[in-house]
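Novice: Please find one structure pasted underneath; my questions will follow.
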Amino acid sequence: QKVKAKYTLYLNGFPEDTDTSKKIDSSKGFLGEKPFEFIAGVSQVIKGWDLSIMEMREGEARKLVIPSALGYGEKGAGGKIPGGATLYFDVELAEIGARAKIGEDQ
Numbered sequence: 008q009k010v011k012a013k014y015t016l017y018l019n020g021f022p023e024d025t026d027t028s029k030k031i032d033s034s035k036g037f038l039g040e041k042p043f044e045f046i047a048g049v050s051q052v053i054k055g056w057d058l059s060i061m062e063m064r065e066g067e068a069r070k071l072v073i074p075s076a077l078g079y080g081e082k083g084a085g086g087k088i089p090g091g092a093t094l095y096f097d098v099e100l101a102e103i104g105a106r107a108k109i110g111e112d113q
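To convert, count from 1 in the sequence shown and add 7; that's the working numbering.
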């Protein structure tokens, strides 16, 4: 199912919980917010997101703490996320779209 999510990703915890929190990525930019669009449940995103988003309702916001095994694992990602990192997301499920159609029998 196609969804749009607003998010901010932190390492080392949420900013309200620790002084060592570091913002890594966000759907909020200089020109406003651009929700991230993907098809949920088909491994287009990290497993921790797939599992969490599938349980959320449109408009719901959650704080997600995703262990490395459900995130980017020991490899890390993009030079910004080290291997073995726990990921801290503020995420809001902004929109749930139509279910993706795979074939005639679906």
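Think of the CB as a built atom: it goes at the ideal place given N, C-alpha and C, for glycine as much as any other residue. Please read these numbers as outputs of a predicted model, since none were measured by experiment.
(1) Just list the beta strand (DSSP E) runs in the stretch 34 to 88, keeping only unbroken ones of 3 residues or longer that don't cross its boundaries, in chain order.
(2) Looking at residue 69 and residue 63, is the spacing between their C-beta atoms short of 8 Å?
(3) On a CA-only basis, which of 74, 66, 105, 77 is nearest residue 99? Give me that one, please.
(4) Does DSSP put residue 24 in a helix, in a strand, or in coil?
(5) Between the C-alpha atoms of residue 127 and residue 18, what's the straight-line distance to the nearest angstrom?
(6) Is the Cβ-Cβ distance between residue 15 and residue 29 less than 8 Å?
(7) Express the C-alpha separation of residue 103 and residue 20 in angstroms, rounding to a whole number.
(8) Name the two residues that bound the continuous beta strand (DSSP E) containing residue 15.
(9) I'd like to check one pair, residue 71 with residue 6: are the Cβ atoms closer than 8 Å?
Specialist: The answer reads as follows:
(1) 43 to 46, 68 to 73, all fully within the stretch 34 to 88.
(2) yes
(3) Closest by alpha carbon: 66.
(4) coil
(5) Since the displayed the chain opens at 8 and closes at 113, residue 127 lies outside it and no answer follows.
(6) no
(7) Going from the Cα of residue 20 to the Cα of residue 103 covers about 28 Å.
(8) 9 to 18
(9) In the structure displayed, the chain extends from 8 to 113; residue 6 sits before or after that span and is not available.
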